[in-house]
Every structure is written in C-alpha cells, then in structure tokens.
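Enquirer: Here it is, the structure, as structure tokens.
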Amino acid sequence: MGAPAFDSVDEAAKALAAQGYLTDRRLATMVFLLTRLERPVLLEGPAGVGKTELAKTLAAATGRRLLRLQCYEGQDEASALYEWDYGKQLLYTQLLREKIGQLVADAPDLHEAVDRIGAQESVFFSERFLAARPLLEAVRSEEPVVLLIDEIDRADEALEAVLLEMLGEYQISVPELGTFTARNRPYVILTSNNTRDLAAALKRRCLHLFLDYPSAERELEIVRSKDTGLPDALARELVAVVRGLRELELRKSPSISETIDWARTLAVLGVGELTAPVLADTVSVVVKYDKDLRKALEALPRLLGAELETPDVPTEPASPKVSADRGSRSFARPKSR
Ligand SMILES: Nc1ncnc2c1ncn2[C@@H]1O[C@H](COP(=O)(O)OP(=O)(O)O)[C@@H](O)[C@H]1O
Ligand SMILES: [Mg+2]
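Take the sequence shown: its position 300, counting from 1, is numbered 300 in full-length UniProt numbering, and each next residue is one higher.
Quick look at the structure:
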C-alpha cells in the first residue's frame, strides 16, 4: 500500500476543493475515512447533489484512474465483471485453423476429436481472451484506482449480490482462471438515488452517508466557485429561490447543477436584478416537468420575497398550459379555488 492519500480530514477537504469540489465537514470526514479504512462508501441522496462528482473529484485529487460502472435495469453481471471476448476467440480459431486441423487430423472418431480440442480449451479461456469490465478491471489494475458504482439502485438486486464478494474482500472469481485479488485496494464509491431500498448485506459492507442538498452558504460557495458570471448578490438571491423551489415537493427538485445552470443563464442574459418575470422566463432551466413548472411559476413571486402587484390575468378555466406563455407574467396566475 502506498502512502495515505490524505493526512487529515482538513487535507482531504482541501484537496477536493482544489479540484473544484466543496465539502462540508461530514462529507470530508467520510472521504478521509474511505481512504484510510479502505472501505466502500455508499452515498445516498437525491439527484444532482454531487454524488457522481465526488467520485470523479476523488480520482483527480488522488491521481487515481476512475473506473465507472453505470448501473441500469436488467443489467447482467457480465457487463459488471467480465466477458469472454468471443470475437477475439473466433478470430484466433480462424487464424489457427490449420493448427487445429492437425490436432484432430488423425483422430479415429468424433469423440476423440472433441476430446482433443477440449484438452486445449484453457488456451481460449485464458486471460488473453478475458474482457474485463469495471469490477474486474478495478481488481486487476496494476495501479490503484477509484471505482464508482453509480446509481446502484437502478440495477436489479441480483447485481447487488454479485458485488458482495468484491466489496467484502476485493476479490473476483473467474471459474476458468481462479480468483483475482486486488493488488491495491480501490477506493470504492457507490451511489444511489434512493429509488429502492438496497440489500442489508450490501449496506453492512459500506460506510454510509446521506448526501442532501447543501446549506445555502455552501451552495452559494459552489455557485461562486463555478465562475458563472452572475454578480454575487444575485447569486445569493437565486440560491434562496432555488431552495424555496425545493420545498414545493416538485416531481423533480432542482439540483445543484441546475442552480449553476440558472446562474449562467441569467448572467448570459445580462440580468441586473432578479425579478419575478425574469425568473419566470428562465425557470425552465431548473424545472423540467409541466406540473412542476406551474407550481414553480405560482410560487416565484413569493419566493423572491418581492411585493408583486398581481397582474390582471384573466381567470381562464384551469388552463394547464402556463408554460406556453411563460414570457408574460402568467406565473402569477391566481389560484383557482
Ligand atoms: N460539492 C460540490 N462542489 C462543487 N460542485 C458540485 C458539488 N456538488 C454538486 N456539484 C455540481 O453539481 C453537478 C451535479 O452533480 P452530480 O455529481 O452529477 O450529482 P448526482 O450524482 O448526485 O446526481 C456536478 O457536475 C457539479 O458541477
Ligand atoms: Mg450521479
């Protein structure tokens, strides 16, 4: 094992910050422990709070290569562990046709011929023909790596079972070849958007952290650190608005990256003051569902804390298409009661 990546929690926080990732104490502690205890970390939390980014940043900060397993529904274990490179096997058998021909040329019958070929099987199920997928790659790597197992909750439970050996012992067994054990323990980060519960056995093997939306201060810091071009005072107000939107129980709450996008958008538009109409015109940067949009438009004036004169919008009977005329002040559509 090489030298520890970080000497202290503070140093971990600094190293991540140097790569543009801002942590709070809790998260920095977890990262420090991950590198010291060499236990996997499970990060759970809503989309867009920086789970994936943390793994990328940790790789950059420690100079390790990042290996990423992006999970999805119906994923089979081959795509996570390894596959036999069928194309390459085929190519070799074609090129070696003559040699193989010689091998069986004087076989008295088919049984004998098959046996002789069978005796050579290990040639074709050797490391040469093994196509390592991220988990095996992480174990086999000469250099230490960061392994990101992203959105594990999307995969089926069967894949979780496959992970257990890997996460417990940093080992993977390939029946034809034996067991591979990691030369250097990878730093492993698993993320979950919490769409389902994960197996207790999986959780037991991991340090666990629930990553939520950051505090207003930290989110502002993050926005600042991205050089969005939006003046500070406006960024502060914007963060407050986004936090207000998150309280509306939207189908999809705005993420940190969307706050950043919104700040950039407003900067590009050269906005000098945050007004409800300006926000209404651009809120679709952070709110992506029609129903959410209507809730957001309705709430914006209140969230801005501005005393807005309610414009005279005709009370069209339950027109759901507020998004169609966002340009006007239709966000202030009176509640139909
Ligand atoms: N702590 C942070 N410091 C800096 N940027 C962050 C932080 N958290 C989130 N971000 C920004 O938010 C974006 C989205 O984060 P991401 O890791 O994709 O979210 P998740 O994986 O949780 O859905 C990142 O690309 C990054 O720009
Ligand atoms: Mg992610």
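Cβ atoms here follow ideal geometry from the backbone N, Cα and C, with glycine treated the same way.
Select from Leu95, Leu16, Thr181 the residue whose C-alpha is nearest the C-alpha of Glu169.
Expert: The shortest C-alpha separation from Glu169 is found at Thr181.
Enquirer: Closer than 6 Å: is that where the CB of Ala295 sits relative to any heavy atom of ligand 2?
Expert: Position check: residue 295 holds Lys in this sequence, whereas Ala was assumed. Because no heavy atom of ligand 2 lies under 6 Å away, the Cβ of Lys295 does not count as near it: no.
Enquirer: Return helix, strand or coil for Arg333, following the three-state DSSP convention.
Expert: With a pLDDT of 36 at Arg333, under the threshold of 50, the modelled position of this residue cannot be trusted; read the value that follows with caution. Coil.
Enquirer: Between Ala47 and the rest of its own chain, which residues show a CB-CB distance below 7 Å, the 5 nearest in sequence each way excluded?
Expert: These residues qualify, in order along the chain: Asn193, Ser255.
Enquirer: Return yes when the C-beta of Lys252 is under 6 Å from any heavy atom of ligand 2, and no when it is not.
Expert: No, the Cβ of Lys252 stays beyond 6 Å of every heavy atom of ligand 2.
Enquirer: Using CA atoms only, rank isn't needed, just tell me which of Leu43, Gly101, Tyr21 is closest to Gln120.
Expert: The shortest C-alpha separation from Gln120 is found at Gly101.
Enquirer: Straight-line CA distance for Val313 to Leu220?
Expert: Any answer about Val313 is weak, because its pLDDT of 45 lies below 50 and its placement is not dependable; what the coordinates show is given next. Answer to the nearest angstrom: the Cα atoms are 34 Å apart.
Enquirer: Mind checking who Gln70 pairs with in its DSSP beta bridge?
Expert: Answer by DSSP bridge pairing, in chain order: Asp150.
Enquirer: Using only the alpha-carbon positions, how far apart do Leu274 and Asp261 sit?
Expert: Rounded to the nearest angstrom, the two C-alpha atoms are 15 Å apart.
Enquirer: Apart from the five residues on each side of it in sequence, which residues of its chain come closer than 6 Å, Cβ to Cβ, to Asp156?
Expert: If we look at Asp156 and ignore the five residues flanking it on each side, it has no Cβ neighbours.
Enquirer: Taking Cβ to Cβ, would you say Lys295 is nearer than 7 Å to Leu248?
Expert: Their beta carbons are under 7 Å apart, which means Lys295 touches Leu248 by this criterion.
Enquirer: Exposed or buried, residue 343, counting other C-beta atoms within 10 Å across all chains shown (16 or more means buried)?
Expert: With the chain represented from 1 up to 337, any question about residue 343 goes unanswered, as that position is not in the structure.
Enquirer: For ligand 1, any of its heavy atoms closer than 6 Å to the Cβ of Ala47?
Expert: Yes, the beta carbon of Ala47 sits closer than 6 Å to at least one heavy atom of ligand 1.
Enquirer: Who are the Cβ neighbours of Gln89 in its own chain at under 6 Å, not counting the five residues just before and after it?
Expert: Only Phe124, Phe129 meet the Cβ criterion.
Enquirer: Can you tell me the Cα-Cα spacing of Asp292 and Arg251, whole angstroms?
Expert: In a straight line, the C-alpha of Asp292 is about 7 Å away from that of Arg251.
Enquirer: Pull up the DSSP beta-bridge partners for Val41, would you.
Expert: Partner(s): Ile189, Leu207.
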